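The structure appears right after this line, and notes come after that.
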Amino acid sequence: MLKKIVFTLREKQSRSAKTSFIIIDAQSVKNTDTAKHHGYDGGKRISGIKRHLAVDINGLPQAIHITTANVSDRDGASAMLALNCEHLQQVKSVLVDSGYTGDNFAATVQSNLKATVQVAKRNELHKFEVLPQRWIIERSFSWLDKCRRLWKNCERHLNSSRQMIILAFLILLLKRF
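Rendered as structure tokens:
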């Protein structure tokens, strides 16, 4: 259902139904006491889950994958791409941040999607700088944060967390029609 709405919205904007460019990132989310699956993300110091998300240039979801927080960004994104490779056949370019660097991830993307990987690197100076097109996926994560139920993970199963994210995006997309 979500894919059909995304396709329709893209066609309304005079774009191809399937995208040729995606942006990938992951977000760590804290668990509540009721959540069954959890892991510890040492980088963010969060015990919970990770939401791996691939969006198009409009911030619309193309692929969603949920893992425990101890799974690395690269491994989660590789699993997400492997699970959604038939849907992402027309993708030619993938934009990621520096957490996805490495030949193994680039080779996985090449084998699954036949696409190239672009790594958006920050400036060496420690100052705020808007990275081109990286803000699009951050905006998508902020759309999810507007849903009160998604601030923390209270679901017992990872698939339930995925379905809640799909429902949040459905609400957002139906408001746009």
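Counting in the UniProt record's numbering, the sequence shown tops out at residue 177, every number present.
Quick reminder that beta carbons are idealized off the backbone N, C-alpha and C, glycines included.
It should be emphasised that the depicted structure is a prediction, and the values quoted were computed from it without experimental measurement.
Are the CB atoms of residue j and residue i within a distance shorter than 8 Å?
i	j	result
R156	T34	yes
L158	I49	yes
H65	H52	yes
K92	S20	yes
C147	A168	yes
L9	R139	no
Among the options, which has the Cα closest to the Cα of residue i?
i	options	result
M80	T68, A63 and L95	A63
S72	T101, M164 and Q133	T101
residue 206	E138, I171, A26 and L150	There is no way to answer for residue 206, as the model of the chain reaches only from 1 to 177.
K3	S14, K12, K18 and S28	K18
F141	I165, K30 and S16	I165
A69	F169, R176 and S28	S28
E86	S111, D103 and S14	S111
May I ask you to report which of helix, strand or coil DSSP gives residue i?
i	result
V29	strand
R134	coil
D73	helix
T108	helix
S16	coil
T67	strand
K4	helix
residue 179	There is simply no residue 179 to check, as the chain begins at 1 and stops at 177 in what is shown.
What does a CB cutoff of less than 8 Å around residue i pick up in its chain, not counting 5 residues either side in sequence?
i	result
A120	L95, V96, D97, S98, L131, P132, Q133 and R134
L150	V29, L144, M164, I165 and A168
Q89	K18 and L113
Note down, in chain order, each residue of its chain lying with its Cβ closer than 6 Å to the Cβ of residue i, except the 5 sequence neighbours on either side.
i	result
A54	I22, I24, Q62 and A63
L172	W143
A77	I24 and H52
F105	R74
Leaving aside the five residues before and after residue i along the sequence, list all residues of the same chain whose C-beta is less than 7 Å from its C-beta, in chain order.
i	result
I136	I23, V55, I57 and G59
V109	L81, V94, A115 and V117
E11	A17
How about residue i: is its Cβ closer than 7 Å to a heavy atom in the ligand ADP?
i	result
A79	With respect to the ligand ADP, the structure offers nothing, as it holds no ligand at all.
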